[in-house]
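To start, the structure under review is shown below, and the notes come after it.
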Amino acid sequence: MTANSPISVFIVDDESLARERLKRLIERNCNYQVCGEAENGEQALVRIEELKPDIALLDIRMPGIDGLEVASALAKKPHPPAMIFCTAYDEYAIDAFKKQAMGYLLKPVRGEELESALAQAKHVNQLQLKSIKEQDSNEEAHFVAHSWQGQELLPFDSIYFFRSEQKYLTVVHANGETLSDQTLKELEQAHPDKLLRAHRNTLVNAKHISAMHKSSDGHYYIHIRNTDFRILVSRRHVSELKQRISEQSFQA
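The sequence shown begins at 97 in this note's numbering and counts up one residue at a time.
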């Protein structure tokens with residue numbers, strides 16, 4: 097993808113009518129161009145490797161290798177295409193976003209929904225490319241949140257804390273809240289120097305901690321700098337947090 101060229105889109109679906117419908121919808125917008133198609137997963141992996149499209153539209157239920165397996169294989173590539181699932185089944189949404197999907201559209205796909213998903217995938221791709229160029233000295237400048245609406249790129253420094261709630265993760269940041277499907281464990285392992293465990297369901301961005309105080313009820317709370325947020329600290333994490341906060345020159 098270059099600045100002036102159309103975004104290349106590859107379609108994977110075992111039904112020819114479904115492929116034709118997607119092609120017609122895509123061709124309405126001159127910013128996108130269908131570069132190829134495949135009727136099964138095996139064919140898709142070969143053709144996508146050859147063509148290197150910017151975006152792949154994937155059906156899920158197909159003979160042989162299904163769409164989720166295709167996505168898993170593509171996600172292991174150095175520069176995979178943005179993946180949007182187009183399926184008649186809603187029960188695979190969680191699995192789809194775990195495969196780094198940027199969108200999940202139910203058939204029959206509507207033109208405006210496809211347009212929105214393609215635009216979001218294009219936007220995230222452009223932000224990621226820009227981010228890569230700007231991250232020579234800071235490889236973790238952004239956090240990519242995966243949700244039902246696709247992906248949202250958040251500056252890591254804007255994030256106050258992550259809170260686990262049932263099946264989803266709530267990312268609380270300077271501009272509000274964003275849902276994601278990552279787990280606290282994954283985040284803690286990926287950012288051990290940036291995130292502090294305050295509670296079994298909460299990770300706090302160390303950058304935004306102003307203080308930790310013991311309240312009259314005997315509980316400890318972390319205060320988020322320049323906000324009204326007060327995060328409960330579980331007893332098992334108090335000692336470690338005191339040490340970490342002290343090491344990072346915060347007032348405890």
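The beta carbon of each residue, even a glycine, is placed where N, CA and C say it ideally should be.
Which two residues bound the contiguous beta strand (DSSP E) that contains V267?
Working through the sequence shown from its first residue, we reach residue 267 at position 171. 264-269 is the span of the beta strand (DSSP E), which, as asked, contains V267.
Out of I144, R124, R206, point me to the one whose CA is closest to Q132's CA.
Here residue 132 refers to the residue found at position 36 of the sequence shown. It should be pointed out that residue 132 corresponds to Gly in this sequence rather than to Gln. For G132, the nearest C-alpha among the options comes from I144.
Contact check, A302 vs L291 under 8 Å by CB: the rounded distance?
One-based indexing of the sequence shown puts residue 302 at position 206. One-based indexing of the sequence shown puts residue 291 at position 195. With 8 Å as the limit, A302 and L291 qualify as a contact, their Cβ atoms being about 7 Å apart.
Give me the residue from T279, S330, E135, K263 with the minimum Cα distance to H315.
Residue mapping note: residue 315 aligns to position 219 of the sequence shown, counting from 1. When each option's Cα is compared against that of H315, the closest is S330.
Buried or exposed for R293, going by 16 or more other Cβ atoms inside 10 Å?
Within the sequence shown, numbered from 1, the residue matching residue 293 stands at position 197. With 16 or more Cβ atoms within 10 Å of its Cβ, R293 is classed as buried.
Anyone know if the C-beta pair for I156 and V130 falls short of 8 Å?
The residue you call residue 156 lines up with position 60 of the sequence shown. The residue you call residue 130 lines up with position 34 of the sequence shown. Cβ atoms of I156 and V130: not closer than 8 Å.
So A169 and L141 are supposed to be a Cβ contact under 8 Å. How far apart are they, rounded?
Numbered from its first residue, the sequence shown carries residue 169 at position 73. Numbered from its first residue, the sequence shown carries residue 141 at position 45. The beta-carbon distance between A169 and L141, rounded to whole angstroms, is 6 Å. This is short enough to meet the 8 Å contact definition.
Keeping to the same chain, check which residues put their C-beta closer than 6 Å to that of D232; ignore five residues upstream and five downstream.
Within the sequence shown, numbered from 1, the residue matching residue 232 stands at position 136. Note that D232 scores 42 on pLDDT, short of 50, meaning its location in the model is unreliable and no value can be drawn from it.
Does A270 pass the burial test, meaning 16 or more other C-beta atoms within 10 Å, or should it be called exposed?
Translated into positions along the sequence shown, residue 270 becomes position 174. Looking at its Cβ environment, which holds fewer than 16 other Cβ atoms inside 10 Å, A270 is exposed.
Are C182 and K195 touching if we call contact CB-CB under 8 Å?
Indexing the sequence shown from 1 puts residue 182 at position 86. Indexing the sequence shown from 1 puts residue 195 at position 99. The answer is no: Cβ separation not under 8 Å.
At what residues does the beta strand (DSSP E) containing Q129 begin and finish?
As a working note, residue 129 is residue 33 in the sequence shown. That run of the beta strand (DSSP E) goes 128-134.
My output table needs one value for R326: the three-state DSSP class, helix, strand or coil.
Counted from its first residue, the sequence shown places residue 326 at position 230. Here R326 sits in strand by DSSP.
How should Y185 be labelled, buried or exposed, when 16 other C-beta atoms within 10 angstroms of its C-beta is the threshold for buried?
Here residue 185 refers to the residue found at position 89 of the sequence shown. With fewer than 16 Cβ atoms within 10 Å of its Cβ, Y185 is classed as exposed.
Using beta-carbon positions only, say whether H304 and L328 come within less than 8 Å of one another.
By one-based count along the sequence shown, residue 304 stands at place 208. By one-based count along the sequence shown, residue 328 stands at place 232. No, they are not a contact pair.
According to DSSP, G272 sits in a beta bridge with which residue or residues?
Residue mapping note: residue 272 aligns to position 176 of the sequence shown, counting from 1. For G272, which the question treats as bridged, DSSP gives the partners H269.
Under the three-state reduction of DSSP, which class applies to A169: helix, strand or coil?
Residue 169 sits at position 73 when you count from the first residue of the sequence shown. Here A169 sits in helix by DSSP.
Give the single residue among I190, D191, L154 whose Cα lies nearest to the Cα of A178.
Here residue 178 refers to the residue found at position 82 when the sequence shown is read from its first residue. When only C-alpha atoms are compared, the closest one is L154.
DSSP three-state call for E138: helix, strand or coil?
For the purposes of this step, residue 138 is taken as residue 42 along the sequence shown, with counting starting at 1. Three-state result, E138: helix.
Only counting the same chain, and skipping five residues up and downstream in sequence, which positions put a Cβ closer than 8 Å to that of D254?
As a first step, residue 254 must be located in the sequence shown, where it is residue number 158. In the sequence as presented, Asp is not what sits at residue 254; that position holds Ser. For S254, where only same-chain residues beyond five positions count, the Cβ hits under 8 Å are H269, A270, N271.
Can you tell me the Cα-Cα spacing of P176 and G163, whole angstroms?
Within the sequence shown, the letter at position 80 stands for residue 176. Within the sequence shown, the letter at position 67 stands for residue 163. Spanning the two alpha carbons is a distance of roughly 14 Å.
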